[in-house]
Amino acid sequence: MPHHALEITLTRPLNPAELNTACREMPLAANHDNTRLITLVPAKTPDRAAHRLHRRLKDRLPIDVITTHYPDASGHVLLNVALPPAARTALQTTALCTGQKAERLLEGAIHRALTEHTDREVQRLEHEVRRLLAHTNPAHLLAAMGHALTQNTQGPTP
């Protein structure tokens with residue numbers, strides 16, 4: 002049976018005792034601040050693996066989202082979200098009214114939100130670049146960007 006690498010995003014950091022308890026249920030690797038975990042789950046499909054993981058750990062961990070760690074052949078990542086009862090009911094009601102599957106509605110909403118976020122980020126960056134160009138020439142800005150990108154391996158500064 003294949004094993005699937007799954008990542009768990011938690012709603013809050015785990016304390017050492019919680020992490021120990023969960024690790025006794027199944028092997029888990031935590032990130033530096035115990036807000037994300039990764040594990041391998043045996044199952045025929047990634048969807049079954051995510052459901053199995055959620056079932057085994059839902060009472061032990063504050064699970065927010067479970068995702069496949071690697072994209073599939075189509076470049077998609079499985080997203081397993083435990084919706085609150087009110088949100089699940091609203092989603093199912095909308096699905097019935099529109100004649101669509103609840104999963105497709107949620108997928109479309111997430112896709113639209115990610116697209117909007119990307120568009121806003123691109124607009125913000127374009128605005129910042131134009132502001133910088135108003136006070137310097139393009140060659141100096143490009144040289145500074147190249148220098149900053151090669152020196153900054155820890156991500157952007159606030």
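Mapping to this note's numbering: the sequence shown position 93 is 94, numbers consecutive.
Using N, Cα and C, we set each Cβ at its ideal position, and we do this for glycine too.
For clarity, every value in this text was computed on a predicted model and none was experimentally measured.
Along the chain, where does the alpha helix (DSSP H) containing residue i start, and where does it finish?
i: P86; result: P86 to T99
i: D48; result: P47 to L58
Which class does residue i belong to by DSSP, given the choice of helix, strand or coil?
i: T137; result: coil
i: R13; result: coil
i: V82; result: strand
i: H118; result: helix
i: H5; result: strand
Buried or exposed: where does residue i fall if 16 or more other Cβ atoms within 10 Å of its Cβ makes it buried?
i: A87; result: exposed
i: H5; result: buried
i: P47; result: buried
i: I9; result: buried
i: L54; result: buried
i: R110; result: Reading the sequence as shown, one finds Ala at residue 110 and not Arg. That one is exposed.
i: A51; result: buried
How far does the beta strand (DSSP E) with residue i in it extend, from its first residue to its last?
i: L62; result: Looking at the DSSP string, L62 is not in any beta strand (DSSP E), and its letter there is neither H nor E.
i: P28; result: Counting along the chain, P28 falls outside any beta strand (DSSP E), and DSSP gives it neither H nor E.
i: P72; result: Premise fails: P72 is in no beta strand (DSSP E) and is neither H nor E.
i: T40; result: R37 to P43
Just to confirm my understanding: we take residue i, look at its own chain, exclude 5 residues before and 5 after, and list those with CB closer than 8 Å. What are they?
i: T22; result: R61
i: A30; result: L38, I39 and T40
i: D34; result: P14
i: R25; result: none
i: L142; result: V130, L133 and L134
Counting only the same chain and skipping the five closest in sequence on each side, list residues whose C-beta sits under 6 Å from that of residue i.
i: T68; result: E8, V78 and L80
i: V66; result: T10 and V82
### Query
Does the count of Cβ pairs from the segment 74-85 and the segment 26-43 closer than 8 Å reach three?
no
### Message
Across the segment 96-115 and the segment 60-78, are there enough close Cβ pairs to call them in contact, namely three or more that are closer than 8 Å?
### Response
no
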